[in-house]
Amino acid sequence: MRKNLKPFGLLLFFLLLASAPLLAQETEEAQQTPLTESRAKLFMLSLIVGGAVIALTASVGAVCQAKAVSSACEGISRNPASGPVIRLLVIFGLVLIETLVIYALLVTIIILMMKWGQYA
């Protein structure tokens, strides 16, 4: 499992490095623009972040669910008598994994529905 974390970490690092200019401070001319243009940029950035958050959590949740089901099938094939107990634990684990993905969806919806500019 650790072999898979290194490429993922490098990819995440380079994505954050590439997005650093998006968070850079603007010039004074750009700061004097109307509030609506500033809100539009912030809303566009929130769309990008919201899409990235939900894509990342959905993909990680799918990988975790696949690993859980795979391990449960291996456990049941080794010891068929423990099938009902393993099945119950796997269903409970899958519910918790899916709950985390739903929480990420709710956070993304909250970010997208926020009224930018009223809090500045």
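Just so you know, the working numbering puts 76 at position 76 of the sequence shown, and the rest follows in order with no gaps.
Even for Gly, the Cβ is constructed at its ideal location relative to N, Cα and C.
Item	Value
When the Cα atoms are used, what is the spatial distance from Ala-40 to Ile-91?	43 Å
Which two residues bound the contiguous alpha helix (DSSP H) that contains Ala-104?	83-113
Is it the case that the Cβ atoms of Ala-104 and Ile-48 are separated by a distance below 8 Å?	no
Keeping to the same chain, check which residues put their C-beta closer than 8 Å to that of Phe-82; ignore five residues upstream and five downstream.	A quick correction: the sequence has Ser, not Phe, at residue 82. Gly-75 and Ile-76.
Check whether the Cβ atoms of Thr-57 and Leu-100 lie closer than 8 Å to each other.	yes
Would you say Leu-5 and Ser-46 are within 8 Å of each other, going by their C-beta atoms?	no
Nearest CA to the CA of Thr-108: which residue from Ala-52, Val-85, Glu-98 and Ala-72?	Ala-52
Once DSSP output is grouped into helix, strand and coil, what is the label at Asn-4?	helix
Pull up the distance between the alpha-carbon of Gly-93 and that of Ala-66, whole angstroms please.	11 Å
Assuming contact is defined by CB atoms lying nearer than 8 Å, are Gly-61 and Ile-97 in contact in what I supplied?	yes
Ile-86 and Ala-68 - do their beta-carbons sit closer together than 8 Å?	no
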